[in-house]
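Trainee: Take this structure first; my questions come after.
Number of protein chains: 2
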Amino acid sequence: MNHTDHGPIRIAVLDSDTGFVRVLVNRMDGLGWPHLGLEAAPRVDELATMRVDALVVDLAVLGPDAWDFVERLASAAPGMGMVVCTGRSTVAQRVRGLRLGADDWVTKPCHPEEVLARVEAVVRRRKRAQGAEADLPMQAGDLEIRADQFQAFSRGRSADLTRREFEVLQLLAGAEGKVLQREEIYQRVWGYTMAHGDRSVDVFIRKVRQKLETVSADWRYIHTHFGVGYRFDPEVRDGRAPDVAEPNGDPVPAARLNADLARH
Amino acid sequence: MNHTDHGPIRIAVLDSDTGFVRVLVNRMDGLGWPHLGLEAAPRVDELATMRVDALVVDLAVLGPDAWDFVERLASAAPGMGMVVCTGRSTVAQRVRGLRLGADDWVTKPCHPEEVLARVEAVVRRRKRAQGAEADLPMQAGDLEIRADQFQAFSRGRSADLTRREFEVLQLLAGAEGKVLQREEIYQRVWGYTMAHGDRSVDVFIRKVRQKLETVSADWRYIHTHFGVGYRFDPEVRDGRAPDVAEPNGDPVPAARLNADLARH
DNA sequence: TGGCCTGTGAAAAAGCTGTAAACGGTCCGA
DNA sequence: TCGGACCGTTTACAGCTTTTTCACAGGCCA
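As they're listed, the protein sequences go chains A and B. Its first residue numbered 1, the first sequence is counted upward by one per residue in my numbering. Its first residue numbered 265, the second sequence is counted upward by one per residue in my numbering.
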């Protein structure tokens, strides 16, 4: 997602009205804002990947999928601003768009300066809202998960996660204790619906586990729930440690007991 | 209601155009979406029972009762999506349908892919709206049933239920005190109709009982009603004990106290 | 007592996950 | 421009878990 640089605003523009785009681009160059012109609807996750702060979009370009796109983008990239800038529209349409997650709605014809002002306002609002809160390092077991670095560390050693790997880990860790289903993980990390039979999530889980193990060998972080999904919950790997007595003498792996107690 | 699985989408199709249905079904198989073909208007509550996420319906099948059906379904099963997919229609009709509670309206001829895309959008919207509300932990006897973990615990100890086992338990516990027939259990957990002579439900009940017993030995949770089905109702096992006597038989105080202690 | 029901255990079938390896695309430096 | 490193995706398969199915023993009720 969008990480904090308080640097210039990165904007993507999706519009087929070349005149309008040109004016906008011009103005952005003047302001020193990096920008990106799009011809067609990008895959939702691509925008996040490009670390765009905001998207200016004419829904007309999207055709019938416009609403769906707006909704998906808003949920997949909650940190990104979205300013719809479109021709004639009814009140109902505007309401719908804003409900689905657009941040602002401008009706053409409009002054480019105004569009940029709104974009700026939106981005500022977003950044303030997310604030520092989002990328505070997270501490879990022997791990330090730093959103500002897209990386996890154990005692200062980097786990060398790739971006996707990191995102998977971050998602899981953020929902600590909760079991996440594969579809949910896929949806939130990849940004679109998982195809039937896709094993990507499993593969990434394995890679993450592997890398975490080389860095923090005596903890287990990711647990499998058969038939359901995965759960993040740091747990000392081998047996010993907790001299916690078992109430009824049943052989319960010490580790599990630990986890259960720790969870609450 | 519909349990917020982020799993595949469950769809029912009600249409007499067998060609159209076949194409749709084909595509759904490809996506791995469980589906259900209907011949005639189902009783409104049946759909909810089967945990259908959305219904695709051609109003022509319903005849004169169509509007009534739409309205009743929308109000009886607010968690379910409804996509109307019907032949030539006037603007007024579409408006009426959407007002009465349909979520989307597609005019035939139409591309199956589009129909499914819309269904998906509708379902996603619904699910987000319902939000986390659904998985609050449930307390019963000595048990804590946690939907977010797909698991039941007694004083912090996991019962190690498999997914299906958990679903059966959850269903029963959710209908606390009510006797559920095997067919109903089967439909709601498995999602389709039980074959004659299938003993799966019995087998699962046994497994659940067994696992609950190892973890919470002095309670009985699931009761058999000969010739009818099963009922969930926590009850201290041996004779004496319930000085915690509940006026109406509802368990709670001791158990909840326990659980709270365990949690901290 | 006889005819259904239900509980139980175990074997067979189906399904899921871990793992490794191959593939194809992108980016970069030589 | 070529080659190589790096990543994400896909596929295949072995091993293990879960689900289903079956047969039989008991229980419930008329």
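For every residue, glycine included, the Cβ atom is placed at its ideal position computed from N, Cα and C.
Are any of the Cβ atoms in chain B nearer than 8 Å to that of VAL228(A)?
Mentor: By this cut-off, VAL228(A) is an interface position.
Trainee: Counting Cβ pairs closer than 8 Å, one from the segment 221-232 of chain A and one from the segment 167-182 of chain A, do we hit at least three?
Mentor: The answer is yes - the segment 167-182 of chain A touches the segment 221-232 of chain A, with three or more Cβ pairs under 8 Å.
Trainee: Below 8 Å between beta carbons: does that hold for GLY101(A) and VAL122(A)?
Mentor: No, Cβ-Cβ distance for GLY101(A) and VAL122(A) is not below 8 Å.
Trainee: Distance cutoff 8 Å, beta carbons only. Does ASP68(A) sit that close to anything in chain B?
Mentor: Yes, ASP68(A) counts as interfacial toward chain B.
Trainee: Give, in chain order, every residue of the segment 181-208 of chain A whose Cβ lies closer than 8 Å to some Cβ of chain B.
Mentor: Hits within the stretch, in order: GLN181, GLU183, GLU184, GLN187, THR193, ALA195, HIS196, GLY197.
Trainee: List, in order along the chain, the chain A residues whose C-beta lies closer than 7 Å to that of ASP412(B)?
Mentor: Neighbours of ASP412(B) on chain A, chain order: LYS178, VAL179.
Trainee: So which of GLU113(A), ALA173(A), SER200(A), ALA41(A) has the shortest CA-CA distance to GLY141(A)?
Mentor: Among GLU113(A), ALA173(A), SER200(A), ALA41(A), the Cα nearest to that of GLY141(A) belongs to ALA173(A).
Trainee: Have a look at ALA459(B), TYR485(B), THR457(B) and flag the residue whose alpha-carbon is nearest the alpha-carbon of ARG470(B).
Mentor: Nearest of ALA459(B), TYR485(B), THR457(B) to ARG470(B), Cα basis: TYR485(B).
Trainee: Residues bridged to MET138(A) by DSSP?
Mentor: In the DSSP output, where bridge partners are listed per residue, MET138(A) has ILE145(A).
Trainee: Measuring straight from C-alpha to C-alpha, what distance separates PRO506(B) and VAL500(B)?
Mentor: For PRO506(B), the predicted structure reports a pLDDT of 47, less than 50, and the residue's modelled location is therefore unreliable. A value from the coordinates is still provided. The straight-line gap from Cα to Cα measures roughly 7 Å.
Trainee: Pairing CB atoms from the segment 353-363 of chain B with CB atoms from the segment 374-383 of chain B, are three or more of them under 8 Å?
Mentor: Not touching, per the Cβ criterion.
Trainee: Give a yes or no on whether the C-beta atoms belonging to VAL52(A) and MET80(A) are separated by under 8 Å.
Mentor: Closer than 8 Å, so yes.
Trainee: Checking the sheet assignment: what are the DSSP bridge partners for CYS85(A)?
Mentor: Note: CYS85(A) sits in a beta bridge opposite VAL106(A).
Trainee: At 8 Å on the CB atoms, spell out the chain A contacts of ALA381(B), in chain order.
Mentor: Simply ASP65, ASP68.
Trainee: Counting only the same chain and skipping the five closest in sequence on each side, list residues whose C-beta sits under 7 Å from that of ILE266(A).
Mentor: With chain A running from 1 to 264 in the structure shown, residue 266(A) is simply not present.
Trainee: Which chain A residues sit within Cβ distance under 9 Å of LEU295(B)?
Mentor: Result: THR193, ALA195, HIS196.
Trainee: Quick one: which residues of the segment 412-428 of chain B get their C-beta closer than 9 Å to a C-beta of chain A? List them in chain order.
Mentor: The residues in question are ASP412, GLN413, PHE414, GLN415, PHE417, ARG419, GLY420, ARG421, SER422, THR426, ARG427, ARG428.
Trainee: Could you pull out every residue in the same chain whose Cβ sits closer than 7 Å to the Cβ of ARG358(B), ignoring the five residues on either side in sequence?
Mentor: TRP369, listed in sequence order.
Trainee: Taking only beta-carbon atoms, is HIS35(A) less than 8 Å away from chain B?
Mentor: For HIS35(A), the answer is no, since every Cβ of chain B falls outside 8 Å of its Cβ.
Trainee: Can you grab the Cα-Cα spacing for the pair GLY296(B) / LEU36(A), in whole Å?
Mentor: Their Cα atoms are separated by approximately 37 Å.
Trainee: Can you list the alpha helix (DSSP H) stretches of 4 or more residues lying completely in the segment 5-33 of chain A, in chain order?
Mentor: Runs of the alpha helix (DSSP H) inside the segment 5-33 of chain A: 18-31.
Trainee: Is the beta carbon of GLY191(A) sitting closer than 8 Å to the one on ALA76(A)?
Mentor: Yes, the Cβ-Cβ distance between GLY191(A) and ALA76(A) is below 8 Å.
Trainee: At a CB distance below 8 Å, what residues from the segment 213-224 of chain A approach chain B? Give them in sequence order.
Mentor: From the segment 213-224 of chain A, no residue has a Cβ closer than 8 Å to chain B.
Trainee: Could you check which residue in ALA324(B), SER464(B), THR478(B), ALA439(B) has the C-alpha nearest to that of ALA305(B)?
Mentor: Of ALA324(B), SER464(B), THR478(B), ALA439(B), the residue nearest in Cα terms is ALA324(B).
Trainee: Output the distance between the C-alpha atoms of GLY156(A) and ALA217(A), rounded to the nearest integer angstrom.
Mentor: Approximately 14 Å between the Cα atoms of the pair.
Trainee: Quick one: what's got a C-beta closer than 6 Å to ILE9(A)'s C-beta in the same chain, skipping five residues either side?
Mentor: Excluding positions up to five away in sequence, the list reads TRP33, ASP53, VAL123.
Trainee: Return the first residue and the last residue of the beta strand (DSSP E) that SER480(B) is part of.
Mentor: Careful: SER480(B) lies outside any beta strand (DSSP E) and carries neither H nor E.
Trainee: Run the CB neighbour count on GLU46(A), radius 10 Å, all protein chains shown included, and call it buried at 16 or more, exposed below.
Mentor: GLU46(A) is exposed by the Cβ-count criterion.
Trainee: Put ALA356(B) into one of helix, strand or coil per three-state DSSP.
Mentor: The answer is helix: DSSP assigns ALA356(B) an H, G or I state.
Trainee: Using only the alpha-carbon positions, how far apart do THR86(A) and ASP58(A) sit?
Mentor: Each residue's alpha carbon lies about 5 Å from the other.
Trainee: Assuming VAL203(A) contacts GLU167(A) under a Cβ cut-off of 8 Å, what Cβ separation, rounded to an integer in Å, is found between them?
Mentor: Between GLU167(A) and VAL203(A) the Cβ distance is about 14 Å, and since that is not below 8 Å, they are no contact.
Trainee: How many Å lie between PRO373(B) and LEU288(B) at the Cα?
Mentor: Going by the C-alpha atoms only, they are around 13 Å apart.
Trainee: Alpha carbon to alpha carbon, what distance is there between ILE11(A) and GLU303(B)?
Mentor: Their backbone Cα atoms lie some 51 Å apart in a straight line.
Trainee: Taking 8 Å as the cut-off, decide whether the C-beta atoms of LYS211(A) and ALA175(A) are in contact.
Mentor: No.
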